[in-house]
Every structure is written in structure tokens, then in C-alpha cells.
Amino acid sequence: MVGGPWAVGGGPVSRVRRMSVSSVSSMPGDIPVDHWIDRHVPARARPYLRLMRFDRPIGTWLLVLPCWWSVVLAGGARESTIIDRDIDANVARTAVRPIPSGAVTPRRAAVLLAGLLVVGLVVLLQLNTFAIGLGAASLVLVLCYPFMKRITFWPQIWLGLTFNWGALLGWAAVTGRLEAPAVALYAAGLFWTLGYDTIYAHQDKEDDMRIGVKSSALALAERTRPAVAIFYALTVALTALAGLLAGLGEGFWGGMGLTAVHLAWQVATLDINASADCLAKFRSNRLYGVLVLGAIVAGVMTR
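FYI, in our numbering the residues of the sequence shown are 381 to 683.
What follows is the structure, encoded as C-alpha cells:
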């Protein structure tokens, strides 16, 4: 789990001391080694590409896939990195990231964030009026998310509400309104995120307990496997409901069978005490998202 406030005082985070550079260098991080960024990009530009997650695009996939689901069915995250830099600096997995490691200053990160927001605004303004308003409404969720891990053991719910907004926005961009299939798909995405991010948070549970950060992994502990099974079952059920409401054809149902098998495999083989396995299961959700997209496309083609 990531974290660390930009201008937030008090609370457990304010009592945390930053790890020393020497201790960070000896810890395993989540920055890929010998990546194309290292081979082909000038050294001064590398931290900024890493800050935008060009070397770890799984988050981008998990964000964009619900948008694609909704667009086919019908016919933006650096702020957290800046705010959470103090927590990130005290978590072994994230201490080597650009901001907590010192490769990029918070001020320069803020400039980069502003530039990305401008690009996002330009894209948003190309949509219809209803979609523009819906997109603007998501800013409340985006701005509040980094603080949720400080006040609740369930920040993953807020992440699900935020990360899957594209399921609503994609539908609105195509139709100019919201309808039941999009809402069902959004709810499915919420439970999907709750499942995969609970798995993800188990990587950092020891550091989170040490520095006083909350997560669903800590709340569920050894009950994680049955809880994730329930979250994933609701994901499949609500996605199926979205397809039913949208009148998708038989191709959709065959594809949904594959998605159910994939999520069942995640639950059956999950080892919450093995960080490498948790990361592998988390990353496998890109395949799940692609399978859902394929199922929806097949359903549209066969209805």
C-alpha cells in the first residue's frame, strides 16, 4: 500500500521517520530492473517516466479497461503519489520510487501533475456536456482517495469508487446519459477493485502496521481468501447483470465463464503471506479485464 501526506499534520504518519538512503538501497523495491527506460532514455528523464508509471503500466490497464468495457457495452493518479511520499519512503516496496527516493522533488512532481491534468481536461472537453459534468464530478473522489488510508481500514472501497468511474463515463460519452447497465458495470468494477487491491495490500501489511496506515488486508487478515471470493463472486454476478440488461448475445456468456474461472484460480492459489504471489495475482487482473472486454465484444457481435 502507498502513502504519505504532502501537507497533512498529525496522525500516525507525522510520527514516522524517513528510511535512510542506505537502508532503502538494500531493500527490494517494485521498480523494474533493466527496463527499456534504463536502456533508451536519458538519465535525467527516467525518474519522470517512472513517476508516470511507464515502467509499471498495470495500474493504467486496471484503470482503462472498465472504460473500454462501458464504451463497447454502450455501442487520471499522480496526486496520490505526491501526497503519500512520506509513507512510501517508509515502505520497503515503494521506497525506491521517484518521489520518496528523492529522484523527483514534490515541486517538480506537482508541475508534471498539472501538465497531465491539462491533457486530461483537453480530452474531457471533447465529450458531450453530460459526460463532461460526470468527469468533473470524479475529482472529488480522486482528491480524497489518498487520505482514506489514514481514516479507515477500507480505503480499497474508495479506490474502487474512483478507479471504475470510467465505466460510467464511457457509457455517458457514447449515449449522453446513464443507464442501468453502466451502473451494474460500475458496481462490478467496485467489487473487482476491492478484491485485487486487498490482495495487493498484503504485500505491505507489516510496514503498514509499523507506521499506522490502514488497509483491508489488515482488517481481513486470515479471512482474506473467503472475503476476496465473495468480492469476486459479486464482480462476476454484477458484470453478468450488466450484460443481461444490455441484451448481449450468447458470446458474452461463454466469455464470462472464462472470467469466472480466472478469478476462481486467483482465490484458490492465493498465498497472502508471499509478497511475490500477491503481486503476481494482482497483475493477473489485467488478463481478467481483457477477458471481460472480449466477452462484451463477443456479446455485442452475437446479439
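Idealized CB from N, CA, C, for every residue including glycine. Bear in mind the structure is a predicted one, so any value in this text is a computation, not a measurement.
Out of T555, R419, Q646, the CA that lies nearest to the CA of P606 is found in Q646. T532 sits in coil when the DSSP states are folded into three classes, being neither helix nor strand. Sixteen is the threshold: when 16 or more other Cβ atoms of the shown chains lie within 10 Å of the Cβ of C658, as they do, the residue is buried. Annotation note: the region 513-593 contains the following uninterrupted alpha helix (DSSP H) runs of length 4 or greater, listed N- to C-terminal: 535-543, 545-555, 560-581, 585-591. Shown here for L614: same chain residues with a beta carbon closer than 6 Å to its own, the five before and five after excluded, namely F571 in chain order.
Counting only residues of its own chain and dropping the five nearest sequence neighbours on each side, L638 has a CB closer than 6 Å to the CB of L671.
The residue from D651, T542, G627 with its alpha-carbon nearest to that of V520 is T542. For A601, there is no enclosing alpha helix (DSSP H), since its DSSP letter is neither H nor E.
By the C-beta density criterion, M589 is exposed, having fewer than 16 other C-beta atoms within 10 angstroms. Using a C-beta cut-off of 8 Å, the region 576-586 makes contact with the region 658-667, since at least three inter-stretch Cβ pairs fall below that distance. Of the other Cβ atoms in all chains shown, 16 or more fall within 10 Å of the Cβ of M636; this residue is therefore buried. With a contact defined as Cβ atoms closer than 8 Å, L628 and V680 qualify at about 6 Å. Judged by DSSP secondary structure, S655 falls within the alpha helix (DSSP H) whose first and last residues are 655-663.
In the structure shown, the three-state DSSP call for S595 is coil.
The three-state secondary structure of R683, taken from DSSP, is coil. Straight across, the Cα-Cα distance linking L598 with A626 is about 38 Å. Collapsing the DSSP output to three states places L650 in coil. Under a 10 Å Cβ-count criterion, V593 is classified as buried, with 16 or more other Cβ atoms of the shown protein chains found around its own Cβ. When DSSP states are grouped into helix, strand and coil, L638 belongs to the helix group.
In this structure A640 is buried. Its beta-carbon is surrounded by 16 or more other beta-carbon atoms within 10 angstroms. When DSSP states are grouped into helix, strand and coil, A423 belongs to the coil group. In this model, W534 and A675 are separated by some 30 Å (Cα to Cα). Straight through space, the alpha carbons of W551 and L514 are spaced by roughly 11 Å. Setting aside the 5 residues that flank it on each side, R557 is surrounded in the same chain by F510, each with a C-beta closer than 7 Å to its C-beta; the list follows chain order.
In the three-state reduction of the DSSP assignment, G623 falls in the helix class. Secondary structure of G674 (DSSP, three-state): helix. When secondary structure is reduced to three states using DSSP, G629 falls in the coil class, being assigned neither helix nor strand. Within the model, the alpha-carbon separation for C524 versus I531 is close to 11 Å.
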